[in-house]
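*Asks:* If you count the sequence shown from 1, you need to add 59 to reach this note's numbering.
C-beta atoms are modelled at their ideal positions from N, C-alpha and C, and glycine is treated no differently.
Nothing here was measured: the structure is a model prediction, and the numbers come from that model.
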Amino acid sequence: MVKASLWIVYLIETDAGLYCGITTDMERRYQQHCKGTGAKFFRRAKPIRIAYTEIHPDRSRASKREYAIKQLPRKQKLALVNSASIYSQPIKRLLL
């Protein structure tokens, strides 16, 4: 039997802007980004916090939503971040 997993679409605020990605394990993925691995973007940008997340039932829907978010202008991405105040906490608090 195949284990079903939920997919997370996320925005990470960095010292260079916002980064959008998908994962099934937010903690693991964030740690990869902190180490500068997993995405080339984080070789030059330091993560500050997870600014926004959405849960999706499968990879296909998560990927489509990730693409849609990446097409948004920065102002609309910031509106998403502001709409989810629970995720404006520093990452260390979220992962405890």
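I'd like the span of the alpha helix (DSSP H) that includes leucine 137, first residue to last.
*Replies:* Position 78 of the sequence shown, counted from the first residue, corresponds to residue 137. Counting along the chain, the alpha helix (DSSP H) containing leucine 137 begins and ends at 133-142.
*Asks:* Less than 6 Å between C-beta atoms, sequence neighbours within five positions excluded: which residues of the same chain meet that for alanine 138?
*Replies:* Along the sequence shown, read from residue 1 onward, the residue named residue 138 stands at position 79. Excluding positions up to five away in sequence, the list is empty.
*Asks:* Helix, strand or coil for alanine 104? Go by DSSP, reduced to three states.
*Replies:* Taking the first residue of the sequence shown as 1, we reach residue 104 at position 45. Of the three classes helix, strand and coil, the one that applies to alanine 104 here is coil, per DSSP.
*Asks:* Could you compute how far the alpha carbon of arginine 105 sits from the alpha carbon of isoleucine 128?
*Replies:* Counting from 1 along the sequence shown, the entry for residue 105 is found at position 46. Counting from 1 along the sequence shown, the entry for residue 128 is found at position 69. In the sequence under discussion, the amino acid at residue 105 is lysine, which differs from the arginine named in the question. So the alpha carbons of these two residues sit roughly 21 Å apart.
*Asks:* Would the region 92-100 count as touching the region 109-119 if we require 3 or more Cβ pairs under 8 Å?
*Replies:* These segments do not touch.
*Asks:* For leucine 77, which residues in the same chain have their Cβ closer than 6 Å to its Cβ, ignoring the five residues on either side in sequence?
*Replies:* Walking along the sequence shown from the start, residue 77 turns up at place 18. The residues are Leu70, Lys136.
*Asks:* According to DSSP, simplified to helix, strand and coil, what is alanine 110?
*Replies:* In the sequence shown, the residue the question calls residue 110 occupies position 51. Three-state result, alanine 110: strand.
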